[in-house]
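The sequence shown runs 2 to 194 under this note's numbering. Please read the structure below before turning to the comments.
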Amino acid sequence: MIPIPDDAGALIFDCDGTLVDTLPLYLHGWRAAFRTVEGIDLPPSWFTGRGGLSERLLIAAFTEETGRTVDAERIITAARAGVIEAMPTVREIGSVADVARRYHGRIPLGVASSGSRAVVERSLSATGLLPLFQALTTIEDVERPKPAPDVYRLAARRLGVAAEACVVLEDSHEGLTAARAAGMRGIDIRDYT
């Protein structure tokens, strides 16, 4: 069981890899997008080693590491479509979803993701988790992705809770860095899943 501090005023969850196991969906979507748009066979190990990066940071990492310039907009659009197409196969991460169910109605709950709103809403809907949350904050709502604190700060404002009272559940170094930078306590769910 994931321990939640007794004084938590709100819980803010990352989505991908924290509440829902979307890695297989993203792997499918991004590999297909690179193949279709650029003719590049992206090795699975390259993608899985970069969990927690926003779409734009993922493209920037590819460009920096390979020296190849790609059509970022077309790849992102195709990747999102591929992820959404695979959405019926998404599964919740039980130990984290159980925390959301346990605290639903007791304290405010929010989601803060570097993912797109369309993917976040669909994955939470497909798993039945969407109604548990009072606020969804995604990459479209902020200027800077994680590890910047923007998405967590905005989620706290939307929940009406001071940042220092919020506890974040995350699965990535970037996300935990963002939570700390926002003045929040973070729980690395990888220790419990």
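Backbone N, C-alpha and C define an ideal beta-carbon position, used for all residues, glycine too.
Cβ separation of residue i and residue j, assumed to be a contact under 8 Å, to the nearest whole Å
{"i": "Asp192", "j": "Gly18", "result": "Actually they are not in contact, since the Cβ atoms of Asp192 and Gly18 sit about 14 Å apart, beyond 8 Å."}
Whole-angstrom distance between residue j and residue i, CA atom to CA atom
{"i": "Ala101", "j": "Leu125", "result": "12 Å"}
{"i": "Gly161", "j": "Leu130", "result": "21 Å"}
{"i": "Thr78", "j": "Ile140", "result": "14 Å"}
{"i": "Ile94", "j": "Glu56", "result": "22 Å"}
{"i": "Asp189", "j": "Ala34", "result": "30 Å"}
{"i": "His174", "j": "Leu54", "result": "10 Å"}
{"i": "Ser96", "j": "Met2", "result": "7 Å"}
{"i": "Gln135", "j": "Arg158", "result": "12 Å"}
{"i": "Leu59", "j": "Arg51", "result": "7 Å"}
{"i": "Val143", "j": "Gly40", "result": "31 Å"}
First through last residue of the beta strand (DSSP E) which encompasses residue i
{"i": "Ile13", "result": "Ala11 to Phe14"}
{"i": "Val112", "result": "Leu110 to Ala113"}
{"i": "Asp189", "result": "Arg186 to Asp189"}
{"i": "Ala136", "result": "Ala136 to Thr138"}
Helix, strand or coil at residue i [DSSP, three-state]
{"i": "Glu175", "result": "helix"}
{"i": "Ala149", "result": "coil"}
{"i": "Thr67", "result": "helix"}
{"i": "Glu144", "result": "coil"}
{"i": "Leu24", "result": "helix"}
{"i": "Leu170", "result": "strand"}
{"i": "Asp72", "result": "coil"}
Neighbourhood of residue i by C-beta, 7 Å cutoff - its chain only, sequence neighbours within 5 removed
{"i": "Thr70", "result": "Thr64"}
{"i": "Gly176", "result": "Asp15, Gly53 and Lys147"}
Close beta carbons around residue i, own chain, < 8 Å, minus the five adjacent residues each side
{"i": "Thr90", "result": "Pro25 and Leu26"}
{"i": "Ser117", "result": "Glu56, Arg81, Thr139, Ile140 and Glu141"}
Where the alpha helix (DSSP H) containing residue i begins and where it ends
{"i": "Gly53", "result": "Run containing Gly53: none; DSSP gives neither H nor E here."}
{"i": "Arg123", "result": "Arg118 to Ala127"}
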